[in-house]
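Counting in the working numbering, the sequence shown runs from 876 upward without gaps.
Note that beta-carbon positions come from the ideal geometry of N, C-alpha and C, so glycine has one too.
In this text the structure is predicted, and so the values were computed from the model without any measurement.
Just below is one structure, and these are the notes that go with it.
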Amino acid sequence: MPKVGEQKSDIEDACSFSSDRSLVAIADGTSTSFLAGEWAKLLVAHFCSPNESSIFEIRERWEEWLRPVQQEWRKLYLNIKTDKTIPWNAKGGDKAHGSATFVGLKLQPPNQGGEKIWEALAVGDSCLFQVNANSKDLTAFPITDFQKFTTVTKCFHSLPDYKSHQPCYNKGSYNPGDTFLLSTDALAEWILRDYSIEGSQRWQKLISVNEEEFINLINQLRGDKLIKDDDTTLLRLKVVIVEDRITDPPDKDPSPKKKLWLPLIVGLSLIILVVVCLLFINNQKINNANLNQDSLPSKVIPPEKSTPTINATIPTSDNSNLPMPNYLISTLLKKIVME
């Protein structure tokens, strides 16, 4: 929500989330910096892009993690500098840079032991709140006391020349029904202030408000001088667990028995096919012989003294590469002739 008298296009806050909602982030571009809104958008998009790193790993190498985003911002800055349609006084100086506070959350899927872990990364006064589904207890990060909010805050900067502040890290467990609220500083300060008032539950409206109700609430808080007139952003995430999606490690080394099933089935299928074909051929021969006997004059045909044989090569160790069906066909035909 923009400041009073400004438009949505003037908002310098940004928020984003991954397609599966396991990664969410918000950033608050500082109004005194250059291209602050664009810098905030780049930060949240980078955090919510697919990656295999844990949040703790990102925190340990945060300067390396920040570098690609700084390069993207630099490209945007250079495009503006060379754009002749933009007035010179809107292009910024050589050392112009963007600054933004940031908070990002990652929900890990339940592991084999049923553990459900969240990790968070934050710099500055944008905050994360976890609301317990049963008790409505509030866990805050990185600021836990409304009196700790100041006019000067830590930031990520878009130029490496300006030393960004090292982010804070935290983790915890979550359960189905829990709600996570990510908010920029003005709203975060009010949430902690209202939570500190015994018996007050006004902040709990944020757990279920729709967009229209949120706008009305912020306007009312501004009118009552309970919240600063600043860009105000809230990102709400409610946890829903699908139990059958517990992740198992992939079977990287299947047992030999599993590997043998496919060739065994194929081999048996080929043998059955050969037997059926031979039975069909033999039946045709018998039918043809009966037809020939019916067409000849009646006379006794003396039996042959020798039994017909069919030559077949039996696979041995010397010719093991010859096809196995030859031996099977020879054996079956001998049996048929003998009968």
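Sequence-distant residues of the same chain with beta carbon closer than 7 Å to residue 972, five excluded per side: 908, 909, 1032, 1033, 1034 and 1037
- request: Just the C-alpha distance for residue 1086 and residue 1106, rounded to the nearest angstrom, thanks.
  value: 15 Å
query: Roughly how many angstroms lie between the CA atoms of residue 934 and residue 1044, to the nearest whole one?
result: 7 Å
query: If you draw a straight line from the alpha carbon of residue 1073 to that of residue 1041, how long is it in whole angstroms?
result: 35 Å
Residue 886, buried or exposed, once every other Cβ within 10 Å from all chains shown has been counted against 16: buried
query: Is it the case that the Cβ atoms of residue 980 and residue 1003 are separated by a distance below 9 Å?
result: yes
query: Per DSSP, what kind of secondary structure is residue 1074 in: helix, strand or coil?
result: coil
query: Is residue 998 buried or exposed, if buried means 16 or more other CB atoms sit within 10 Å of its CB?
result: buried
message: Just list the residues that DSSP pairs residue 1111 with in beta bridges.
response: 1056
Spatially closest choice to residue 976 from 946, 991, 912 and 953, by CA coordinates: 912
field: residue 946 - containing alpha helix (DSSP H), residue span
entry: 937-957
query: Do the CB positions of residue 978 and residue 1001 come within less than 9 Å of each other?
result: yes
- prompt: Which of helix, strand or coil does DSSP assign to residue 919?
  reply: helix
message: For residue 1004, report the span of its beta strand (DSSP E) as first-last.
response: 1002-1006
Nearest neighbour of residue 1111, chosen from 914, 1082 and 1089 [CA to CA]: 1082
8 Å Cβ shell around residue 1009 - same chain, five flanking residues per side excluded: 1052
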